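Written out below as structure tokens is the structure these notes cover.
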Amino acid sequence: MSQPSMTSTGEAVATGFELDRIPRPVLAREADSTYWMSRYVERVENVARLMLVSVESLLDARDLAPKLLERQWQSVLRIMHVPLPSDSHEPMPQRVSTHMTFREDNPSSLIASLTRARENARGIREGISSDMWEHINLLYWNIRSEEARSRFNEAPAAFLQQVITGAMTFHGITDQTLPHDQRWYFAQLGRHFERIAFTCRTLQDKLALAAAQTAPGDAPLRNVQSVAALRCCNSLEAYRRAYPGELEPSTIAGFLLLEGDFPRSIRYCVNAARGAAAAIREEVRPRSVDLAERTLGRLQAQLAYADADEVLGRGLSAYLDQIQEQTGQAALAVQKCYFLH
Amino acid sequence: VLEDNGRTPSGVSYVLENRVIMKRVFPMLFGAYRVRRIEDYPYNLLRTLKHCAPVHADEPTVAILTPGVHNSAYFEHSFLARQMGVALVEGRDLVVENSFVYMRTTAGLRRVDVIYRRVDDEYLDPLAFRHDSVLGVAGLMNVYRCGNVALVNAVGTGVSDDKAIYPFVPEMIRFYLGEEPILANVPTYLCARDDDRKYVLENLDKLVVKATNESGGYGMLMGHQATKEECRAFGEKIKSDPRNYIAQPIVQLSQHPSFVDDHFEGRRVDLRPYILYGEKPIVMPGGLTRVALRAGSLVVNSSQGGGSKDTWVLEEEAARPVNGQEKSA
Chain A
5 MSQPSMTSTG
15 EAVATGFELD
25 RIPRPVLARE
35 ADSTYWMSRY
45 VERVENVARL
55 MLVSVESLLD
65 ARDLAPKLLE
75 RQWQSVLRIM
85 HVPLPSDSHE
95 PMPQRVSTHM
105 TFREDNPSSL
115 IASLTRAREN
125 ARGIREGISS
135 DMWEHINLLY
145 WNIRSEEARS
155 RFNEAPAAFL
165 QQVITGAMTF
175 HGITDQTLPH
185 DQRWYFAQLG
195 RHFERIAFTC
205 RTLQDKLALA
215 AAQTAPGDAP
225 LRNVQSVAAL
235 RCCNSLEAYR
245 RAYPGELEPS
255 TIAGFLLLEG
265 DFPRSIRYCV
275 NAARGAAAAI
285 REEVRPRSVD
295 LAERTLGRLQ
305 AQLAYADADE
315 VLGRGLSAYL
325 DQIQEQTGQA
335 ALAVQKCYFL
345 H
Chain B
13 VLEDNGRTPS
23 GVSYVLENRV
33 IMKRVFPMLF
43 GAYRVRRIED
53 YPYNLLRTLK
63 HCAPVHADEP
73 TVAILTPGVH
83 NSAYFEHSFL
93 ARQMGVALVE
103 GRDLVVENSF
113 VYMRTTAGLR
123 RVDVIYRRVD
133 DEYLDPLAFR
143 HDSVLGVAGL
153 MNVYRCGNVA
163 LVNAVGTGVS
173 DDKAIYPFVP
183 EMIRFYLGEE
193 PILANVPTYL
203 CARDDDRKYV
213 LENLDKLVVK
223 ATNESGGYGM
233 LMGHQATKEE
243 CRAFGEKIKS
253 DPRNYIAQPI
263 VQLSQHPSFV
273 DDHFEGRRVD
283 LRPYILYGEK
293 PIVMPGGLTR
303 VALRAGSLVV
313 NSSQGGGSKD
323 TWVLEEEAAR
333 PVNGQEKSA
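These protein sequence lines are chains A and B, in that order.
My numbering numbers the first residue of the first sequence as 5 and each following residue consecutively.
My numbering numbers the first residue of the second sequence as 13 and each following residue consecutively.
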């Protein structure tokens, strides 16, 4: 559509495509919504997987320890910091699973997170791709549809697997349809911050359960818990390839914490978040370092040179607390710097 | 001509989307009939908006101002922003400083030169109009008066939407352009005139009475369908505020075959054209055919259950764009 213009030497040059053009600015509100949209979708995936693991692994554990059933479901609530619903008298599994799936007044339920993800997406429809919008809209109406509850009751595992696949597909669509500029990096930040927090809390909870089973006769139970921890973080297969035949809680913790190129490990997510923070800062304020990037950079260095035995010796849970605090600070810094003008 | 719309050319996203759907469903018809393209509307709109930019802006920044996701036309706002590749802003994204208007971006404030606003006049600036508006931008009108931002359409164009102004439009055309109107107006009685009001009150059952400042099919009386009681009540309203009402004979809108359940039936339609006026006027070779979906109804407004149809202007008929042939889905 553009008209050719003339240079000083009289050559005609097309002016349509310019590599050095100034990118269209991103509204602070758009950045904010992109970040939260992505963060909520990641949360949906994690909560769904957490429940899926509880649904499935209990089939193995039922004979070993009937009480474990209750503890497993309580751990779903603990990991997501959700108080035990008191207004229901159903047995624990149903009580927790309905609460975490369809209850709108529970901010961590699948339906609540999906609703917020979609609301954020809706406010920035022109800033994301149509494919992204259509997909998230579909996920939203799927969980809101009338037969969603009956599908869930009939085959909870299939239902949850569908939610997980839907959330993962959304990230895939995002990666392939959104230019990898500022907006995409804000989505990356949201996704990785959420994953770091989730993985930290899951490790703290599940590995504590496993470590509590110390008697020699408890080995099968301990293994069930260890496998559950890995499955909750979608890391079982990758872990098995790295450490065949090994199920020590400390090895699992080291893997999920420090593995460099596995997308579910905390170190990988910190690297990715730092990279995203740096890319955004580079576009907005070249040649400077902001607080988010500095905080994440320090954490990245700390994880890169960490010694697994040393970390575990000093106490895994305290170390994970510290990581959560630092990523929390970085997330706050991002909000202050880019969302609140 | 049934009415004039000088405020917001709403519905254009339906025109474009209807065309997309028709092309998907009947691809073979388009080649055979040589239907004129309307897909460049967003491009023309953007060019028109840039043309309106204040002189100081070399590379003008254009933004669409929307009331937000809860507005019934939000889809259209976001659709146009996507099509034109410009920012879609809400009032809270804009801020006035030093008589310029800026949007809040991740990199701080960025100046905005042209605002294609889809927020009504009254809500545009709480300092100038409604004080309780949270949709607008405080100080925007001042920036506008300083000539530092272009508002499209300008504030006050709603005057031409006023149904009591409508009967004077043919005179305006003669006075300002020295031309005869090509399309005639519907005869209109102004209730503010004593003679007209008398006639209206005596013939309520044969007329359509409309409130002058309403749109969307609200505040109107269809005389031939109303009960005696409704007519009487409406007559009282007219007497208490004559300036607020006009009346017209019932216009039998064109009928058009429409697909109902499993067969075709006649339904009433009207046509809304879209005209951009920047450097030169551009009339979209197409438009929004609005259809009254209920049998026998003459009300085509989408807020009253009306639908819409894709509208074709064929190559051969390019000289008479407004009378384009219509095909229904």
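C-beta atoms are modelled at their ideal positions from N, C-alpha and C, and glycine is treated no differently.
Since this is a predicted model, take the numbers as computed values, not measurements.
Whole-angstrom distance between residue j and residue i, CA atom to CA atom
i, j, result
"A/T299", "A/T181", "30 Å"
"A/S90", "A/R126", "34 Å"
"A/A121", "A/R43", "8 Å"
"A/M41", "B/Y178", "47 Å"
"B/V67", "B/V181", "32 Å"
"B/K210", "B/A176", "17 Å"
"A/A215", "A/I177", "39 Å"
"B/A204", "B/K249", "13 Å"
"A/A246", "A/L142", "37 Å"
"B/G18", "B/L283", "16 Å"
"B/E328", "B/N165", "33 Å"
"A/D36", "B/T60", "31 Å"
"A/E329", "A/I140", "30 Å"
"B/I76", "B/F141", "20 Å"
"A/Q166", "A/R244", "25 Å"
"B/N30", "A/E130", "19 Å"
"B/V281", "B/G299", "12 Å"
"A/Q306", "B/Y135", "53 Å"
Helix, strand or coil at residue i [DSSP, three-state]
i, result
"B/F38", "coil"
"B/P269", "strand"
"A/R205", "helix"
"A/L316", "helix"
"B/S315", "helix"
"B/V113", "strand"
"B/E15", "coil"
"B/V81", "coil"
"A/P224", "helix"
"A/Q229", "helix"
"A/R120", "helix"
"B/V27", "helix"
"B/R284", "strand"
"B/L233", "strand"
"A/Q217", "coil"
"B/P182", "helix"
"B/Y211", "helix"
Proximity of residue i and residue j at Cβ, strictly below 9 Å
i, j, result
"B/E88", "B/S25", "yes"
"A/L81", "B/M115", "no"
"A/L213", "A/S79", "yes"
"B/L163", "B/I127", "yes"
"B/V220", "B/Q260", "yes"
"A/A233", "A/L193", "no"
"B/L305", "B/V263", "no"
"B/V108", "B/V74", "no"
"A/P308", "A/R271", "Looking at the sequence itself, residue 308 of chain A is Ala, so the reference to Pro does not match. Yes, these two residues count as a Cβ contact at 9 Å."
"A/R302", "A/V293", "no"
"A/V59", "A/S101", "yes"
"B/V155", "B/V212", "no"
"A/M104", "A/L73", "no"
"A/P160", "A/M55", "yes"
"A/A346", "A/L262", "Here chain A covers residues 5 to 345 and nothing more, so residue 346 of chain A does not appear."
"B/L139", "B/L106", "no"
"B/V98", "A/R28", "yes"
"B/I194", "B/T224", "no"
Any non-hydrogen atom of the ligand NAD closer than 8 Å to residue i Cβ
i, result
"B/M40", "Looking for the ligand NAD in the displayed structure turns up nothing, as the structure carries no ligands at all."
Checklist entry - On the three-pair Cβ rule with 8 Å, is the region 281-289 of chain B touching the region 54-68 of chain B? => result yes
Checklist entry - Taking a cut of 8 Å between CB atoms, which residues from the region 162-185 of chain B lie near chain E? => result The question asks about chain E, but that chain is absent: this structure's protein chains are A and B.
Checklist entry - Which residues, in order along the region 104-122 of chain B, keep a beta-carbon less than 8 Å from a beta-carbon of chain A? => result R104, D105, M115, R116, T117, T118, A119, G120, L121 and R122
Checklist entry - On the three-pair Cβ rule with 8 Å, is the region 77-94 of chain B touching the region 15-33 of chain B? => result yes
Next on the checklist: Could you check whether the region 43-55 of chain A touches the region 199-207 of chain A, counting it as contact only if at least three pairs of C-beta atoms, one from each stretch, sit closer than 8 Å?
Outcome noted: yes
Checklist entry - Does the pairing of the region 277-288 of chain A with the region 222-239 of chain A give three or more beta-carbon distances under 8 Å? => result no
Checklist entry - Going along the chain, which residues of the region 323-339 of chain A sit with their C-beta nearer than 9 Å to a C-beta in chain B? => result none
Next on the checklist: Tell me whether the region 316-326 of chain B and the region 33-46 of chain B touch, counting them as touching only if at least three CB pairs, one residue from each stretch, are closer than 8 Å.
Outcome noted: yes
Item to check | Contact list for the region 179-192 of chain A against chain B, Cβ threshold 9 Å | outcome: Q186 and F190
Item to check | Members of the region 77-96 of chain B near chain A, C-beta cut-off 7 Å | outcome: V81, S90, A93 and R94
Item to check | Near-chain B residues of the region 34-51 of chain A (beta-carbon distance less than 7 Å), N- to C-terminal order | outcome: A35
Item to check | Members of the region 125-138 of chain B that neighbour chain A once the beta carbon cut-off is set at 9 Å | outcome: none
Item to check | Residues from the region 118-151 of chain A in contact with chain B, defined by Cβ distance under 7 Å | outcome: R126, G127, R129 and E130
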